[in-house]
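Going by the working numbering, the sequence shown opens with residue 2, and the numbers climb by one from there. Quick reminder that beta carbons are idealized off the backbone N, C-alpha and C, glycines included. All values derive from a computational prediction rather than experimental measurement. Below is one structure, written out as structure tokens; the observations come after it.
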Amino acid sequence: MKIIGLSGSIVGSKTKTAMKAIEQLFNDNHPDIEFELIDLADYEIIFADGRHYQDYEGDTQSVVTKIMDADALVIGTPIFQASIPATLKNIFDLLPEEALKDKVVSMVVTAGSPAHFMVPEIQLKPILSYLKAQILQRYLFITDKHFYRGELMDDAIYFRMQNLVDDTILLAQTYKEMRDKQDAQFDF
Ligand SMILES: Cc1cc2nc3c(=O)[nH]c(=O)nc-3n(C[C@H](O)[C@H](O)[C@H](O)COP(=O)(O)O)c2cc1C
2 MKIIGLSGSI
12 VGSKTKTAMK
22 AIEQLFNDNH
32 PDIEFELIDL
42 ADYEIIFADG
52 RHYQDYEGDT
62 QSVVTKIMDA
72 DALVIGTPIF
82 QASIPATLKN
92 IFDLLPEEAL
102 KDKVVSMVVT
112 AGSPAHFMVP
122 EIQLKPILSY
132 LKAQILQRYL
142 FITDKHFYRG
152 ELMDDAIYFR
162 MQNLVDDTIL
172 LAQTYKEMRD
182 KQDAQFDF
């Protein structure tokens, strides 16, 4: 099973730090899962211009294809101006409407303020629903106070991270089995 971690911002370090901890958990506890972390800061992605997703080139083509081929996604995003960063929205804009059909998507969110805890609920989940994802409803919300000198410093966050990774895998396996069964029905 292939799972993509997507660090959705090209500035800052906290989302990347959180997503690297997620990557570590996949590698240490679930070596059977093919996990790849895509940090958008490492890619030159062009703005979505309405063409078919397979007609993009270079980094844009590569990132979109990896997302389309994945069984599940763990999306890491900071909160910017009470929403998600434009870099992450652009990735969604590049995708076709049913890109995430029956694929599990979980969310790791970093923010300056706990006051914006509901932002993923009203800004991110509707986009994922539109793309037909199966959303892991409980997201991980990490604020600046959980970091010290660039490191995540809260055991409770690590515990919840483990749960998020385990739950993502469990749900992704269920939906993968379902998709495989459906594919087999049409496989004459
Ligand atoms: C341009 C910008 C806008 C931000 N807007 C918000 C906001 O609306 N609400 C909030 O809680 N934090 C906001 N923050 C704080 C970031 O969400 C927070 O520091 C996050 O952990 C940064 O993650 P990063 O280091 O991966 O960029 C903002 C930060 C920046 C740079």
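Membership of glycine 77 in the beta strand (DSSP E) is indicated by the continuous run 73-79. The beta carbons of serine 130 and proline 79 sit about 21 Å from each other, so the pair does not count as a contact at 8 Å.
Three or more beta-carbon pairs drawn from the stretch 8-23 and the stretch 31-46 are found closer than 8 Å, and the two stretches are therefore classed as touching.
Under the three-state reduction of DSSP, tyrosine 140 is assigned to coil, being neither helix nor strand. Annotation for alanine 112 indicates a beta carbon within 8 Å of some heavy atom of ligand 1.
Looking at the backbone, the Cα of lysine 126 and that of methionine 154 are separated by about 27 Å. For methionine 162, the enclosing alpha helix (DSSP H) covers residues 156-186. Beta-bridge analysis with DSSP links glutamine 135 to Val105. In this structure lysine 17 is buried. Its beta-carbon is surrounded by 16 or more other beta-carbon atoms within 10 angstroms.
Per DSSP, the unbroken alpha helix (DSSP H) holding glycine 59 starts and ends at 59-70.
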